[in-house]
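Novice:
Numbering (the numbering used here), first residue to last: 225 to 415.
Here it is, written out as structure tokens:
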């Protein structure tokens, strides 16, 4: 069985007493800062819908979830988007980014930790991807009509040709890049 790639501690703390260490707080802050910067990197990855942008901040949160646990991953998803709201007023878009990020990285990290090794990582990523894809579709059906002139029926009509492929592509990118970098990152932060 492959060696575990997460730092050994429970999913919610770094000390036996349940408190976060100064190092853990500083490392989480660095992950949040990097994720925040990456929220401003907006890449059009789906030509049929050029208004839908991909940002790589989810990769940072996903790595944090796998290395430090699901609670850290959730923090690294949420804080950068809350902070970005102070700079760009797109609250609903930020809510959707939070929902998508948490739905991907938290279940994936929980399953990866439970099963361990490459099998656990793969199973976690598949489960997280399915949950995130469902969350993105449901979220778009609910949220998009709130801040655009698009009706719920029009959003439903966009599921197969636009929303499903865009979100699937975004999730695949996050999973592939995370799978490639999470082990080296875990080795660096555990030193």
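For every residue, glycine included, the Cβ atom is placed at its ideal position computed from N, Cα and C.
1. Going by DSSP in three states, residue 268 sits in which element: helix, strand or coil?
2. For the segment 355 to 391, list the beta strand (DSSP E) runs that are entirely contained and at least 3 residues long, ordered along the chain.
3. In angstroms with no decimal places, state the Cα-to-Cα distance between residue 273 and residue 415.
4. Taking residue 349 as the reference, give the member of 400, 409 and 291 with the closest Cα.
5. Do you know offhand how far residue 329's Cα is from residue 373's?
6. Have a look at residue 266 and residue 342 and give me their C-alpha separation to the nearest angstrom.
7. Got a sec? Which residues, its chain only, sit under 6 Å from residue 232 by beta carbon, not counting five neighbours each side?
8. Can you name the start and end residues of the alpha helix (DSSP H) that residue 416 belongs to?
9. Grab me the residues of residue 287's own chain with a C-beta within less than 7 Å of its C-beta, minus the 5 sequence neighbours each way, in chain order.
10. Evaluate the contact criterion for the segment 377 to 389 versus the segment 329 to 338: three or more CB pairs, one atom per stretch, below 8 Å.
11. Please check the pair residue 284 and residue 258, which I expect to be a contact at CB under 8 Å, by giving their CB distance rounded to whole angstroms.
12. How about the segment 356 to 373 and the segment 314 to 321: do they share at least three Cβ pairs that are nearer than 8 Å?
13. For residue 336, is the classification buried or exposed, using 16 other Cβ atoms within 10 angstroms of its Cβ as the cut-off for buried?
14. Hey, how far is the Cα of residue 339 from the Cα of residue 375?
15. Using a Cβ-Cβ cut-off of 7 Å (strictly less than) and excluding sequence neighbours within five positions of residue 395, which residues of its own chain qualify?
16. Ends of the alpha helix (DSSP H) at residue 331?
17. From the DSSP output, in three-state form, read off residue 243 for me.
18. From residue 244 to residue 281, what does the alpha carbon distance come to, in whole angstroms?
19. To the nearest angstrom, report how far apart residue 301 and residue 289 are at their CA atoms.
Specialist: Taking the structure as given:
1. For this step, residue 268 is matched to residue 44 along the chain shown. When secondary structure is reduced to three states using DSSP, residue 268 falls in the strand class.
2. For the beta strand (DSSP E) assignment, the segment 355 to 391 encloses no uninterrupted run of at least 3 residues.
3. Counting from 1 along the chain shown, the entry for residue 273 is found at position 49. Counting from 1 along the chain shown, the entry for residue 415 is found at position 191. Looking at the two C-alpha atoms, the distance is approximately 43 Å.
4. Looking up residue 349 in the chain shown gives position 125. Minimum Cα distance to residue 349 is reached at 400.
5. Here residue 329 corresponds to residue number 105 of the chain shown, with the count starting at 1. Here residue 373 corresponds to residue number 149 of the chain shown, with the count starting at 1. The straight-line gap separating the alpha-carbon atoms of residue 329 and residue 373 is approximately 31 Å.
6. On the chain shown, position 42 is the one that residue 266 refers to. On the chain shown, position 118 is the one that residue 342 refers to. Roughly 31 Å between the two C-alpha positions.
7. The residue given as residue 232 occupies position 8 in the chain shown. Per-residue confidence for residue 232 stands at a pLDDT of 49, beneath the threshold of 50, marking its modelled position as unreliable; the derived number appears in the next sentence. Cβ-Cβ distances below 6 Å link residue 232 to nothing in the same chain once the five nearest sequence neighbours on each side are left out.
8. Past the boundaries of the shown model lies residue 416; the chain is included only from 225 to 415, so the question cannot be answered.
9. Reading the chain shown from its first residue, position 63 is the one you call residue 287. The beta carbon of residue 287 sits closer than 7 Å to the beta carbons of 402, 405, 406 and 409 from its chain, once the five residues preceding and following it are set aside; these are given in chain order.
10. Segment contact: the segment 377 to 389 against the segment 329 to 338, fewer than three CB-CB distances shorter than 8 Å; contact not assigned.
11. Working through the chain shown from its first residue, we reach residue 284 at position 60. Working through the chain shown from its first residue, we reach residue 258 at position 34. Yes, they are in contact, since the Cβ atoms of residue 284 and residue 258 sit about 5 Å apart, within 8 Å.
12. Counting Cβ pairs under 8 Å, three or more are found: they touch.
13. Counting from one through the chain shown, the residue named residue 336 turns up at place 112. Per the 10 Å Cβ criterion, buried.
14. For the purposes of this step, residue 339 is identified with residue 115 of the chain shown, where counting begins at 1. For the purposes of this step, residue 375 is identified with residue 151 of the chain shown, where counting begins at 1. One alpha carbon belongs to residue 339, the other to residue 375, and they sit about 42 Å apart.
15. Stepping through the chain shown from its first residue, residue 395 is reached at position 171. Excluding positions up to five away in sequence, the list reads 328, 353, 356 and 357.
16. Reading the chain shown from its first residue, position 107 is the one you call residue 331. For residue 331, the uninterrupted alpha helix (DSSP H) segment begins and ends at 315 to 339.
17. The residue you call residue 243 lines up with position 19 of the chain shown. Three-state DSSP puts residue 243 in coil, outside helix and strand.
18. As a position in the chain shown, residue 244 is number 20, starting the count at 1. As a position in the chain shown, residue 281 is number 57, starting the count at 1. It is roughly 23 Å from the alpha-carbon of residue 244 to the alpha-carbon of residue 281.
19. Counting from one through the chain shown, the residue named residue 301 turns up at place 77. Counting from one through the chain shown, the residue named residue 289 turns up at place 65. One C-alpha to the other measures close to 9 Å.
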